[in-house]
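Numbering (this note's numbering), first residue to last: 451 to 592. Just so you know, even glycine gets a beta-carbon here, dropped at the ideal spot from N, CA and C.
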């Protein structure tokens with residue numbers, strides 16, 4: 451990681467629903483199901499192709515996590531998913547202190563192809579506050 455990448459500013463920006471973001475936003479809003487009563491926010495983090503590989507993913511996810519927990523006091527956990535073949539994003543989740551919580555086999559539809567596995571990650575507010583990690587109880591079979 452270079453000095454430039456460790457000091458890069460992270461900006462949270464709003465999409466422009468009437469401008470260049472309109473098509474992508476409409477597609478997202480019309481193809482997703484949202485439970486607006488759930489206290490777990492949804493996010494979509496994408497780094498522009500020209501900025502990938504510069505160490506921005508972890509600081510961006512940390513900034514997003516900080517923003518959610520500082521501005522939404524009712525949120526007790528924050529979740530995200532990525533495809534199993536997105537190794538860069540999986541490293542970002544781990545590097546930002548998120549914990550792998552699920553592996554959904556064939557859970558990510560692929561247009562014109564076979565579905566991929568979806569890998570779920572999460573971070574708890576109490577872990578974010580204390581800098582600790584609550585382990586996932588994988589061996590809890592009845």
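On the premise that residue j lies in contact with residue i, defined as a C-beta separation below 8 Å, what is that separation, rounded to the nearest angstrom?
i           : j           : result
residue 528 : residue 542 : Not confirmed; about 14 Å, so no contact.
residue 507 : residue 571 : Actually they do not touch by this definition, with Cβ atoms about 13 Å apart.
residue 574 : residue 526 : 7 Å
Per DSSP, which one or two residues make a beta bridge with residue i?
i           : result
residue 575 : For residue 575, which the question treats as bridged, DSSP gives no partner whatsoever.
residue 569 : 532 and 553
residue 558 : 566
Which same chain residues end up closer than 8 Å to residue i when comparing Cβ atoms and leaving out the 5 residues on each side of it in sequence?
i           : result
residue 560 : 566
residue 524 : 489
Among residues of its own chain, excluding the 5 on either side of residue i, which ones have a beta-carbon nearer than 7 Å to its beta-carbon?
i           : result
residue 495 : 510, 511 and 514
DSSP three-state call for residue i: helix, strand or coil?
i           : result
residue 580 : helix
residue 587 : coil
For residue i, which residues from the same chain have a beta carbon less than 6 Å from its beta carbon, with the 5 sequence-adjacent residues on both sides left out?
i           : result
residue 555 : 567
In the region 474 to 555, which residue ranges form an unbroken alpha helix (DSSP H) of at least 4 residues, counting only runs that do not cross its ends? 507 to 521 and 537 to 545
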